[in-house]
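Here's the structure, in structure tokens; my notes come after.
In full-length UniProt numbering, the protein residues as written are 1 to 547.
This is the structure:
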């Protein structure tokens, strides 16, 4: 007998990839993993700093979580690590609860993610409407852009609040500390990242030169990080750097440490834990779906992916890490660089660790404005801005627009948890309304002593009231009337629908009539028989409740 849990099917995609692995695939994975590892360095530092943490928190999360997600995950090419989507969430948790409680919430979220995969809940994430996903993705992108204004403008703000309006107010009060050098570095960084992928589109005689072809293969964030750091250091620009704010990056591997843990603390962290788990699940599985489409690899196993994400988030907090999930930018880089198995993700983690251990002393010179520029570029690419244009909005239904714009507004003004919760509740309410609108009861014939109705759609709790018209007609019908319900087009029936049918049956019996249901589909027939309503119809008696 198969276990209801998924533990018996814990099978990382790496095992399947190794079945036909060869030397050619290994060298592709080696090149792709090295490329992604280099790309991950500036992103990991930028995500951590923007989240209110030290840069090493992002780096070691990318290394440890990236390694575990690739080793144990259900996707062949997904790269895990810190993600831009977590910036606003993590910053808010750090400001409200502190770093130690962030680590506890992350570990607890890892337990929830593992349990979700264990119980086979991975596919439920696909039930989150696309309108909600687009709304909160664009909302997070806006929040990332706003959160980077301080470092992009070089403003001297002692402590940034978590609330977006408070942040804008704090920056407005300190606008006099604007640093033109930091702003110039940030703008040049964004412009360079936008223009760098367009190198191959130069006039043919330039694009084909060996120098341009070699340069175009170097990831844009690395080019921006190295060149602008050299400019800042060489000209001794008066800008804030990793060294001036954090004192640099530790050169060794972080030690294993247990955060202060108590059951009372866990109870206070329910909301942050659920937020991290929900966002991690949605982000990782959406990223895995994108990876499936781009890579041509076999479809990912969502439950295995959630279990791997859970393990990664359970482990990284004990090394001072932050929440991790699937990362779209690094996953796409992996695919385009030739990655074709989880080995590429493992190589990415090893590459990043080697680079950090060798180059940690140099990181202290990296200007924070350059990292802000990289995150501004990430935020601009993260948002699906075309969906918000008037021309595109006209193509969507009012329900879609309400969900998307409402989720976007709630994400920016309140937070992601409120936005997703309200969005899902609203989506359910709109779905019920739409489904109830599809149910109808039509009078087909009135030839005494027979009254025939044809019913369409789903007779469920949201549509049961629509049967009242037939009940009222039965109460006014001549005695001895036979009421026939043609259920050929009745596709679904629930307990509320059975109750509505019983009311109709009582009304018909009160007039000494007979109720018949004809042409039942399998699902309504099964419900009618299981509820005992079929016996009531056959016996010509109403339902009674004993006691």
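Just so it is clear, CB atoms sit at the ideal spot from N, CA and C, and this is done for glycine as well.
Identify, in the order they occur along the chain, each residue of the same chain with its Cβ nearer than 8 Å to the Cβ of residue i, setting aside the five sequence neighbours on each side.
| i | result |
| --- | --- |
| residue 516 | 482, 483, 484, 485, 537 |
| residue 29 | 338, 339, 340, 341, 343, 344, 347 |
| residue 548 | Here the chain has residues from 1 to 547 only, and residue 548 is not among them. |
| residue 444 | 452, 453, 454, 486 |
| residue 238 | 179, 181 |
How many whole angstroms separate the CB atoms of residue i and residue j, which I take to be in contact at a CB cut-off of 8 Å?
| i | j | result |
| --- | --- | --- |
| residue 274 | residue 97 | In fact, because the Cβ distance is near 14 Å, the residues do not count as touching under 8 Å. |
| residue 502 | residue 474 | With 8 Å as the limit, residue 502 and residue 474 do not qualify as a contact, their Cβ atoms being about 12 Å apart. |
| residue 312 | residue 104 | In fact, because the Cβ distance is near 16 Å, the residues do not count as touching under 8 Å. |
| residue 379 | residue 162 | Between residue 162 and residue 379 the Cβ distance is about 17 Å, and since that is not below 8 Å, they are no contact. |
| residue 302 | residue 100 | Going by Cβ atoms, the distance from residue 302 to residue 100 rounds to 32 Å, so no, they are not a contact pair. |
| residue 471 | residue 507 | 5 Å |
| residue 314 | residue 114 | 7 Å |
| residue 363 | residue 242 | 6 Å |
| residue 493 | residue 523 | 7 Å |
| residue 240 | residue 360 | With a Cβ gap of about 19 Å, residue 240 and residue 360 do not count as contacting. |
| residue 164 | residue 145 | The pair is not a contact, with the Cβ atoms about 11 Å apart (cut-off 8 Å). |
Given residue i, which residues of its chain have a CB within under 6 Å of its CB, disregarding the five upstream and five downstream residues?
| i | result |
| --- | --- |
| residue 534 | 528 |
| residue 442 | 454 |
| residue 488 | 519 |
| residue 125 | 281, 282, 285 |
| residue 135 | 404, 407, 408 |
| residue 32 | 334, 337, 338, 339, 344 |
| residue 400 | 131 |
| residue 3 | In this prediction, residue 3 has a pLDDT of 49, which is less than 50 and means its spatial position is unreliable; nothing more can be read from the coordinates. |
| residue 148 | 372, 375, 376 |
| residue 383 | 138, 141 |
| residue 9 | none |
| residue 616 | Outside the shown range of the chain (1 to 547) lies residue 616, about which nothing can therefore be said. |
| residue 233 | 365 |
| residue 58 | 44, 45, 47, 48, 82 |
| residue 122 | 302, 303, 306 |
| residue 35 | 337 |
| residue 310 | 110, 113, 114 |
Going by the DSSP bridge assignment, what does residue i pair with across the sheet?
| i | result |
| --- | --- |
| residue 447 | 450 |
| residue 493 | 459 |
| residue 516 | 484 |
| residue 325 | 81 |
| residue 232 | According to DSSP, residue 232 bridges with nothing at all. |
| residue 367 | 241 |
| residue 283 | Partner(s): none; residue 283 has no beta bridge. |
| residue 440 | 456 |
Please work out which residues of its chain come closer than 7 Å, Cβ to Cβ, to residue i, disregarding the five sequence neighbours upstream and downstream, and give them in chain order.
| i | result |
| --- | --- |
| residue 160 | 150, 167, 170 |
| residue 75 | 13, 288, 291, 300, 305 |
| residue 547 | Low local confidence applies: a pLDDT of 35 at residue 547 is under 50, so the model's placement there is unreliable, and no value is given. |
| residue 427 | 129, 132, 403 |
| residue 497 | 459, 460, 464 |
| residue 545 | Confidence in residue 545 is poor, its pLDDT being 48 and thus under 50, which makes the residue's placement unreliable; the coordinate value appears in the next sentence. Result list for residue 545: empty, nothing under 7 Å. |
| residue 396 | none |
| residue 189 | 224, 228, 370, 373, 374 |
| residue 432 | 462 |
| residue 197 | 220 |
| residue 326 | 78, 80, 283, 284, 287, 288 |
Just to confirm, does residue i get its C-beta within under 7 Å of one of the non-hydrogen atoms of the ligand ZN?
| i | result |
| --- | --- |
| residue 85 | The ligand ZN is absent from the structure shown, which contains no ligands of any kind. |
Would you say residue i reaches chain D, if we count a Cβ-Cβ gap shorter than 8 Å as a contact?
| i | result |
| --- | --- |
| residue 393 | In the structure shown, chain D cannot be found, because there is only a single protein chain. |
Query raised in the report: Would you say the region 216-231 touches the region 245-259, given that touching needs at least three Cβ pairs under 8 Å?
Result: no
Requested in this report: Enumerate, from N- to C-terminal direction, the unbroken beta strand (DSSP E) stretches of 3 or more residues contained entirely within the region 97-175.
Outcome: none
Query raised in the report: Pairing CB atoms from the region 324-335 with CB atoms from the region 71-86, are three or more of them under 8 Å?
Result: yes
Requested in this report: Report yes or no: do the region 47-65 and the region 310-323 share at least 3 C-beta pairs separated by less than 8 Å?
Outcome: yes
Query raised in the report: Taking contact to mean at least 3 C-beta pairs separated by less than 8 Å, is the region 139-159 in contact with the region 175-190?
Result: yes
Requested in this report: Could you tell me whether the region 351-360 touches the region 94-112, where touching means 3 or more Cβ pairs closer than 8 Å?
Outcome: no
Report task. Would you check if there are 3 or more beta carbon pairs closer than 8 Å linking the region 34-51 to the region 87-94? Result -> In the pairwise beta carbon analysis, the region 34-51 is classified as touching the region 87-94: at least three pairs are separated by under 8 Å.
Query raised in the report: On the three-pair Cβ rule with 8 Å, is the region 391-402 touching the region 257-272?
Result: no
**Report entry** Whole runs of the alpha helix (DSSP H) within the region 12-43, excluding any shorter than 4 residues
**Finding:** 13-17
Query raised in the report: Would you say the region 361-370 touches the region 113-121, given that touching needs at least three Cβ pairs under 8 Å?
Result: no
Report task. Decide yes or no for the touch test of the region 414-421 against the region 431-441: beta carbon pairs closer than 8 Å, at least 3 of them. Result -> no
**Report entry** 4 or more residues per run - each alpha helix (DSSP H) lying fully within the region 301-357
**Finding:** 302-315, 328-336
Requested in this report: Within the region 369-410, note down every full alpha helix (DSSP H) run reaching 4 residues or more, in order along the chain.
Outcome: Correct list: 390-393.
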